[in-house]
Amino acid sequence: MVAVAGIDLEIAEGEFFTLLGPSGSGKTTTLRMIAGFEDPSSGTIELAGEDVGGVPPYDRAVNTVFQDYALFPHMSVGENVAYGLKVGGVGKAERAQRRDKALEMVRLPGYADRKPAELSGGQRQRVALARAIVNRPKVLLLDEPLGALDLKLREQMQIELKTIQGEVGITFVYVTHDQDEALTMSDRIAVFNDGRIEQVSPPLELYEHPVNEFVAGFVGVSNVIEREGERLTIRPEKIELLEQGEPTDGLHTESGRVVDIAYAGMVTRFTVDLDAGGTLQLVRQNVESASSGALPSRGNEVLVGWRPEYAAAVGGRSNKQEVAP
121 MVAVAGIDLE
131 IAEGEFFTLL
141 GPSGSGKTTT
151 LRMIAGFEDP
161 SSGTIELAGE
171 DVGGVPPYDR
181 AVNTVFQDYA
191 LFPHMSVGEN
201 VAYGLKVGGV
211 GKAERAQRRD
221 KALEMVRLPG
231 YADRKPAELS
241 GGQRQRVALA
251 RAIVNRPKVL
261 LLDEPLGALD
271 LKLREQMQIE
281 LKTIQGEVGI
291 TFVYVTHDQD
301 EALTMSDRIA
311 VFNDGRIEQV
321 SPPLELYEHP
331 VNEFVAGFVG
341 VSNVIEREGE
351 RLTIRPEKIE
361 LLEQGEPTDG
371 LHTESGRVVD
381 IAYAGMVTRF
391 TVDLDAGGTL
401 QLVRQNVESA
411 SSGALPSRGN
421 EVLVGWRPEY
431 AAAVGGRSNK
441 QEVAP
């Protein structure tokens, strides 16, 4: 079994680059090869133009942040952050200066004397980040670093990480299976599937123009229908639930029947079986719902519409690998 098969990838200096895919798709293996924990069976890995094949992890200008933080519980926060500098023979005064600067960068000034057990999960994650950036690596590798955090803290840390990355200017290579996390944080995203890269694009292009059904289905919610021999993908928020007499200028419209309704806070989700074949999921903002009268019920006949340019043609699997930064 091949974990990663023939990928060709170039990441720009200073980029926040995310490897996105389901479990077992090859993203963590790729990260481990960059770090030097695993060797590729063929091909090369270059860092700043230099082949690092055979170079051990501790001699590569990369650091890794793991999901479990890997902090030393018996050491203080400051000792944890400065540990790599101490091992590297950096003098005491410089260690203290760089330690304090790193803690400031991750919004933890004054925490040097605390123990990891005294910190929250988000604070421990920031200490792990400070320990990684204090060594001034060229590339920082992050392997699902927010996976152990609750949703609210995870969302806060997404913003923090992106901000910190912009401030320090280090190239971040980030592994996640969370599509929302990838879209929120990344400059570009590589979508992995079965050890191959399906698409490499900025978040907007990836979401709006998926190259195939796998990408369309994995990155966000997408409807796939077949019309005139062509398979089309349409995002739920691009589909309008039309009322009787409402203008349909410029819209492709189809009739159908509501088969399911789900209230989801800010939106209500409708599932519609189309008379022409296929099923669509669409969403409607609840602020609109409150001001626009009664919404259809389950079993009601409805008319839906979307602008033709919102329906993207998708084929099967393509393994397209666009790698230009």
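Okay, so the sequence shown: first residue is 121 according to the numbering used here, each after it adds one. Backbone N, C-alpha and C define an ideal beta-carbon position, used for all residues, glycine too.
- For G425, the three-state secondary structure derived from DSSP is strand.
- If you compare the alpha carbons of G385, R377 and Y383 with that of L394, the shortest gap goes to R377.
- Here I279 is exposed, its C-beta having fewer than 16 other C-beta atoms within 10 Å.
- In the same chain as K282, and ignoring 5 residues on each side of it, the C-beta atoms closer than 6 Å to its own belong to M305, in chain order.
- Residue L140 holds the alpha-carbon nearest to the alpha-carbon of P323 among E350, L140 and G425.
- Membership of A382 in the beta strand (DSSP E) is indicated by the continuous run H372 to A384.
- Judged by pairs of C-beta atoms under 8 Å, the segment 360-378 touches the segment 415-424, as three or more such pairs exist.
- Excluding residues up to 5 positions away in sequence, E214, R215, R218, R219, V254 and N255 lie with their Cβ nearer than 8 Å to the Cβ of L205 in the same chain.
- In this structure, the alpha-carbon of V259 lies about 5 Å from that of T291.
- N343 is a Cβ neighbour of L400, given a cutoff of 8 Å.
- In this structure, G173 places its C-beta atom within 8 Å of the C-beta atom of I165.
- DSSP, read as helix, strand or coil, puts A433 in strand.
- For the pair of segments examined, the segment 142-155 was found to touch the segment 307-314: the number of CB pairs separated by less than 8 Å reaches three.
- For E287, the CB contacts under 8 Å within the same chain, skipping 5 residues up- and downstream, are M225 in chain order.
- Out of R389, R274 and R251, the CA that lies nearest to the CA of V207 is found in R251.
- Between the C-alpha atoms of R355 and D179 there is a straight-line separation of about 46 Å.
- Excluding the 5 residues flanking it on each side, E346 has same chain C-beta neighbours closer than 8 Å at L352, G397 and G398, in chain order.
- Between the alpha carbons of Q364 and T373 lies a distance of about 13 Å.
- Assigned with DSSP and collapsed to three states, F157 falls in coil, not helix or strand.
- In this structure, the straight-line span from the alpha carbon of D128 to that of G289 is close to 24 Å.
- Remark: C-beta atoms of V295 and L167 do not approach each other more closely than 8 Å.
- Taking each of P257, L261 and S240 in turn and checking the Cα distance to R274, the smallest one comes out for S240.
- Annotation for I309: the continuous beta strand (DSSP E) segment containing it runs R308 to N313.
- L361 and A302 have their C-alpha atoms some 29 Å from each other.
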